[in-house]
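Participant:
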Amino acid sequence: MPRVMLVDDNALVRRLLREQLTARGALEVVGEAGDAAAAIELAAVIQPDLIVLDLSMPGTDGFSALTDLRAAAPGAAVVVMSGYAADEMADRVQAAGAAGYLEKGLRLDFSDALLEVLAAQRLTVTAHDRTPGAVPRR
Numbered sequence: 013m014p015r016v017m018l019v020d021d022n023a024l025v026r027r028l029l030r031e032q033l034t035a036r037g038a039l040e041v042v043g044e045a046g047d048a049a050a051a052i053e054l055a056a057v058i059q060p061d062l063i064v065l066d067l068s069m070p071g072t073d074g075f076s077a078l079t080d081l082r083a084a085a086p087g088a089a090v091v092v093m094s095g096y097a098a099d100e101m102a103d104r105v106q107a108a109g110a111a112g113y114l115e116k117g118l119r120l121d122f123s124d125a126l127l128e129v130l131a132a133q134r135l136t137v138t139a140h141d142r143t144p145g146a147v148p149r150r
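Numbering (our numbering) for the sequence shown: 13 to 150.
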């Protein structure tokens, strides 16, 4: 079972993600952090398979956090989650080394989306992907 670490400054968002990800039993949440510094330290210790990173956290540049997390846990896939539309950010975060991009606020099963990223079947999940007849972006 893939081991996931959640990084978001909002404790409620982390709790909701944790509940959704663990409900199906396909992913195990092994750590959480509310800021980049704590996340980097924790990732170096627990070496998760997957890190879900909020791009916009107070006091940090999400792109720097992405780079530092990849260095701290080189075996982890980092999926960036943000309120910015995928059209604006997906290519930028993937160029910076993210394994995938999820738009915050989507009504989707994050478990499925993260498993697809781990299996390298999808890199970006957008609101468009959840409309009937939409073609997932790779």
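C-beta: ideal position from N, C-alpha, C; glycine also. In this text, all values refer to a predicted model and were calculated from it rather than measured experimentally.
1) Quick check on Gly43: does DSSP put it in helix, strand or coil?
2) For Ala48 and Ala77, what's the separation of their Cα atoms in angstroms?
3) Go through its chain and collect everything with a Cβ distance to Ala35's Cβ below 8 Å, but skip five positions before and after it.
4) Grab me the residues of Thr143's own chain with a C-beta within less than 6 Å of its C-beta, minus the 5 sequence neighbours each way, in chain order.
5) Sort Gly109, Leu130, Met13, Ile58 by Cα distance to Leu67 and report the nearest one.
6) Pull up the distance between the alpha-carbon of Val96 and that of Ala102, whole angstroms please.
7) Please classify Gly87 as buried or exposed, where buried requires at least 16 neighbouring CB atoms within 10 angstroms.
8) Relative to the C-alpha of Gln32, which residue among Thr72, Leu126, Ala132 is closest?
9) Ala83: buried (16+ other C-beta within 10 angstroms of its C-beta) or exposed?
10) Threshold first: 4 residues or longer. Then list the alpha helix (DSSP H) segments lying entirely within the region 15 to 73, N to C.
11) Does the beta-carbon of Val57 have 16 or more other beta-carbons within 10 angstroms, so that it is buried, or is it exposed?
Facilitator: To lay it out plainly:
1) By one-based count along the sequence shown, residue 43 stands at place 31. It is a strand residue.
2) Against the sequence shown, residue 48 aligns to sequence position 36. Against the sequence shown, residue 77 aligns to sequence position 65. Those two C-alpha atoms are separated by around 6 Å.
3) Residue numbering aside, residue 35 sits at position 23 when the sequence shown is read from its first letter. Here the set comprises Ser123.
4) Sequence index remark: in the sequence shown, residue 143 carries index 131 (1-based). Reliability of the predicted coordinates at Thr143 is poor, the pLDDT of 36 falling under 50, and no value is obtained from them.
5) Taking the first residue of the sequence shown as position 1, residue 67 is located at position 55. For Leu67, the nearest C-alpha among the options comes from Gly109.
6) To locate residue 96, count along the sequence shown from 1; it is residue 84. To locate residue 102, count along the sequence shown from 1; it is residue 90. Before going further, note that residue 96 is Tyr rather than Val in the sequence given. One C-alpha to the other measures close to 9 Å.
7) Counting from 1 along the sequence shown, the entry for residue 87 is found at position 75. Classification of Gly87: exposed, given that the 10 Å Cβ count is below 16.
8) As a working mapping, residue 32 is identified with position 20 in the sequence shown. Ranking the options by Cα distance to Gln32, first place goes to Leu126.
9) Locating residue 83 in the sequence shown gives position 71, counting from the first residue. Classification of Ala83: exposed, given that the 10 Å Cβ count is below 16.
10) 23 to 35, 48 to 58
11) Counting from 1 along the sequence shown, the entry for residue 57 is found at position 45. Exposed.
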